[in-house]
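Working notes, beginning with the structure itself.
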Amino acid sequence: MENNEILDLLEQEYLQEYRKIQNRLLKKIRESSYLNVELHDIANQLYTAQLRSLQPQDIYNGDETAFINGIVRNVPEPLLLKNKKSKAGNRAVISILVAVIIMISFYAISRSVAIDDQRKAMGYLQESSNYRTIQQEIKEEVVYTFQLKDVSSNEGQKVYESEGNTIYLSDVEEETDAYLIYFEASGEFSTQGGSIVSVVSHDIEKKHKAYELEGSVNVILDSGMQELPWMYLSVNKTKNKDEYGFRLSKALVAGQSSVKLQLKDLVKTTWTHK
């Protein structure tokens, strides 16, 4: 495979897919216990890479042999053997390997900057006695149109953005009778302070373990509106995010091609230096 082809593959298959890779990692995090720290680090670095709009050259330096060998060393042999038989199979192998090397690369980066990242993250501000917090209710209406015909198309869609604070619809898991829908709120943090807009109100006086879930979800149907509670919550995820989810019954939205989801009672928590 030529250098340009590898760059092309990276561009097409993965550089625009950081969030999808991150979503798969978040699923693993929810299913495991001993892998949490490693997966959190990888997911956080992938998110950072997305924000910085990294180019293919930032991941692949033009040395095809070193690139391929570096990938192969970190992929189980059966995975390679399983896909050797066809050109399409080889392409699938390379695609999978590219994902693996991206994750490995950012995992290595995360280890080298872990201390610096921690000092600039929400967890650090929340635990330090040098900061205070201010809570402010978000007045604007935050509504997202959830597509029911292709639920995976909702993943990675931005729901809210203001002054460095964002909320994404991060993941959708489909069950027999319901959709599990997850949102991810992230903010901007430095040693000077920071902020996050979330359904979670963070209370600095009680340290990082203390928080209050403020909101709920309004499902706006053709027949009216129904309020649903949050069913899942992970506070201070990967040191600068909150993640929360709810269960949407398929029976509730039967016959509709889409449904509007309104996030209620969002709160902006701001950390300032004393």
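Residue numbers (the working numbering): 57 to 330. Beta carbons: idealized from backbone N, C-alpha and C, even for Gly. Since we're looking at a predicted model, the values are computed, not measured.
| task | Kindly give me the distance between the Cβ atoms of HIS329 and GLN213, rounded to whole angstroms, as I take these residues to be in contact under 8 Å. | result | For the purposes of this step, residue 329 is taken as residue 273 along the sequence shown, with counting starting at 1. For the purposes of this step, residue 213 is taken as residue 157 along the sequence shown, with counting starting at 1. The Cβ separation is near 34 Å, so there is no contact.
| field | Host beta strand (DSSP E) of LEU319 (start-end) | value | Residue mapping note: residue 319 aligns to position 263 of the sequence shown, counting from 1. First-last of the beta strand (DSSP E) with LEU319: 314-319.
| PHE239 versus ASP321: straight-line alpha-carbon distance, rounded | Looking up residue 239 in the sequence shown gives position 183. Looking up residue 321 in the sequence shown gives position 265. Rounded to the nearest angstrom, the two C-alpha atoms are 14 Å apart.
| Which of helix, strand or coil DSSP assigns to VAL207 | Residue 207 sits at position 151 when you count from the first residue of the sequence shown. Helix, per DSSP.
| said: Which same chain residues end up closer than 6 Å to SER254 when comparing Cβ atoms and leaving out the 5 residues on each side of it in sequence? | reply: Residue 254 sits at position 198 when you count from the first residue of the sequence shown. If we look at SER254 and ignore the five residues flanking it on each side, its Cβ neighbours are ALA241, ASP298.
| request: With DSSP as the reference, label MET287 as helix, strand or coil. | output: As a working note, residue 287 is residue 231 in the sequence shown. Per DSSP, reduced to three states, the secondary structure at MET287 is coil, with no helix or strand assignment.
| field | Counted within 10 angstroms of its Cβ, other Cβ atoms place MET178 as buried (16 or more) or exposed | value | Locating residue 178 in the sequence shown gives position 122, where the first residue counts as 1. The residue in question, MET178, is buried, as its Cβ has 16 or more Cβ neighbours within 10 Å.
| said: With a threshold of 7 Å on Cβ separation, who are the neighbours of SER314 within its own chain once the five nearest residues in sequence on each side are excluded? | reply: Numbered from 1 along the sequence shown, position 258 holds the residue referred to as residue 314. Hits under 7 Å: THR201, PHE202, GLN203, LEU204.
| task | Check whether the segment 303-314 touches the segment 277-286, taking contact to mean three or more Cβ pairs, one atom from each stretch, closer than 8 Å. | result | Yes: the two stretches touch, three or more of their Cβ pairs being nearer than 8 Å.
| query | Between ALA307 and the rest of its own chain, which residues show a CB-CB distance below 8 Å, the 5 nearest in sequence each way excluded? | reply | Stepping through the sequence shown from its first residue, residue 307 is reached at position 251. Non-local beta-carbon contacts of ALA307 in its own chain, meaning distances under 8 Å to residues more than five positions away in sequence, involve ASP233 in chain order.
| task | Output yes if chain C places a C-beta closer than 9 Å to the C-beta of SER185; else output no. | result | In the structure shown, chain C does not exist; there is a single protein chain.
| message | Quick check: what's the CA-CA separation for GLY311 versus LYS324? | response | Indexing the sequence shown from 1 puts residue 311 at position 255. Indexing the sequence shown from 1 puts residue 324 at position 268. Those two C-alpha atoms are separated by around 36 Å.
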